[in-house]
Amino acid sequence: MNDTAPKDPGGEARVRASFAAQGLMETLGASLVSVSPGLVEIALPASRAVSQQHGFVHAGAIASIADSAAGYAALTLMPPGAGVLTAEFKINLLAPGIGERIVARGRVVKAGRTLTLAQTDVFAVRDGTEKQIALLTATLMTVAGRDRVSD
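Converting from the sequence shown to my numbering requires adding 10 to each position, the first position being numbered 1.
So, in structure tokens, the structure goes:
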């Protein structure tokens, strides 16, 4: 990571408020576990509500928390008044989502003025043991001066 110095002293509170405003995270039952400069962790309890037909946690739910973890990790390093939007992401699904909960740990790889590259490692937690089940890479865009996009 090239610059882990937060540009907004209220960055953690801003991330937490933005996360709380996300309807999808609430619908999924996801929670924001930790926030620090360039790093964010989101957890999702495994339940029937987020399962696919074989009983695994659905890839869509996994991708959603992974994308949010990457985006919020990027936001922690953005200036006050800026918002974050995902420009693109790629996810590799490595194993089925089997466990009591899914944990997505997003981290900034390179923070730029306009574009930030982030990565999220996603783990299934089963009987206290973590197993990596997905890897997401994302390009996030800093958005400033745009209505409704100032997280």
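Built from N, CA and C at the ideal position, the CB exists for glycine as well.
Just so you know, these numbers come straight off a predicted model, no measurement behind them.
My guess is that residue i and residue j are in contact by the Cβ rule of under 8 Å, so how many angstroms apart are they, rounded?
i: Gln142; j: Val132; result: 7 Å
i: Ala76; j: Ala31; result: Incorrect: roughly 19 Å between the Cβ atoms, too far for contact.
i: Pro55; j: Arg111; result: 5 Å
i: Leu104; j: Ala71; result: Not confirmed; about 16 Å, so no contact.
Quick check: what's the CA-CA separation for residue i versus residue j?
i: Val50; j: Val118; result: 9 Å
i: Thr86; j: Glu22; result: 7 Å
i: Met11; j: Ser74; result: Model confidence at Met11 stands at a pLDDT of 44, short of 50, so the residue's coordinates are unreliable; what they give is reported in the following sentence. Rounded to the nearest angstrom, the two C-alpha atoms are 23 Å apart.
i: Thr149; j: Gly116; result: 12 Å
i: Ile52; j: His68; result: 16 Å
i: Glu36; j: Gly109; result: 20 Å
i: Glu98; j: Gly138; result: 32 Å
i: Met151; j: Val135; result: 31 Å
i: Leu42; j: Ala84; result: 15 Å
i: Gly93; j: Asn102; result: 26 Å
i: Pro47; j: Leu127; result: 14 Å
i: Arg156; j: Met88; result: 15 Å
Start and end of the beta strand (DSSP E) containing residue i?
i: Arg117; result: 111 to 121
i: Gly93; result: 93 to 103
i: Thr126; result: 125 to 136
Reducing DSSP to helix, strand and coil, say where residue i ends up.
i: Met88; result: coil
i: Thr147; result: strand
i: Gly33; result: helix
i: Ser74; result: helix
i: Gly48; result: coil
i: Ser28; result: helix
i: Gly59; result: Residue identity check: residue 59 is Ala in the sequence provided, not Gly. DSSP places Ala59 in helix when its eight states are reduced to three.
i: Gly107; result: strand
i: Ala69; result: helix
i: Ala79; result: helix
i: Met11; result: Confidence at Met11 is low in this model, with a pLDDT of 44, below 50, so its placement is unreliable and the value that follows should be read with caution. DSSP places Met11 in coil when its eight states are reduced to three.
i: Ala23; result: helix
I need the boundaries of the alpha helix (DSSP H) containing residue i, first residue and last residue.
i: Arg156; result: Arg156 -> no alpha helix (DSSP H), and no H or E assigned at all.
Worksheet item: How do the region 61 to 69 and the region 124 to 131 stand: do at least 3 beta-carbon pairs fall below 8 Å, yes or no?
Response: Segments in contact, no.
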